[in-house]
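Enquirer:
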Amino acid sequence: MNTHTGKVVAITDVQTFGTFSKRELIIGDGDDKYPQEIPFVFGGKAMDIIEAEDVAVGDTVTVNYNLRGRNGGEKYPNRWFGEIAGWKLKVDQRAPRSEPSEDVELDDELSEDIPF
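Going by this note's numbering, the first residue of the sequence shown is number 29, and it counts up by one from there.
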């Protein structure tokens, strides 16, 4: 079982290709000198894990993943494509979430006294 732990740098929007959909969760490795940002692909039903775990940028997560590869076929002969496919996700530490601001209403007396 392959796992990787790091801080979420970005979460892509859903990308759809015919009947297949995917999202990418970009995770930084925390190295200050040579930082790496690694894209983990969550495709099909695995994509729902990101929403179910309420993952946000800044969260520290652990991803279980498989390495996948395929040949480019007739369109790209002699070329191979790799993918890091996430299939499980656990939030280890949540980043601080900003609270929604409350609308402040002026008191009627105060709003009438404003000189402009």
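Built from N, CA and C at the ideal position, the CB exists for glycine as well.
Nearest to N99 by CA position, among V89, K118 and G110, is which residue?
Expert: Here the question's residue 99 lines up with position 71 in the sequence shown. Of the listed residues, the one whose Cα sits closest to N99 is G110.
Enquirer: Please report the Cβ distance between Y3 and W115, rounded to the nearest whole angstrom; I am assuming they are in contact, meaning their Cβ atoms lie under 8 Å.
Expert: Nothing about residue 3 can be read from this structure; the chain reaches only from 29 to 144.
Enquirer: Going by DSSP, what residue range makes up the alpha helix (DSSP H) through E52?
Expert: As a position in the sequence shown, residue 52 is number 24, starting the count at 1. Element bounds for E52: not the alpha helix (DSSP H) but the beta strand (DSSP E), F48 to G56.
Enquirer: Apart from the five residues on each side of it in sequence, which residues of its chain come closer than 6 Å, Cβ to Cβ, to T33?
Expert: Locating residue 33 in the sequence shown gives position 5, counting from the first residue. The residues are T90.
Enquirer: I'd like to confirm the pairing. Which residues does DSSP put opposite G114 in its beta bridges?
Expert: The residue labelled residue 114 in the question sits at position 86 within the sequence shown. Paired residue(s): Y93.
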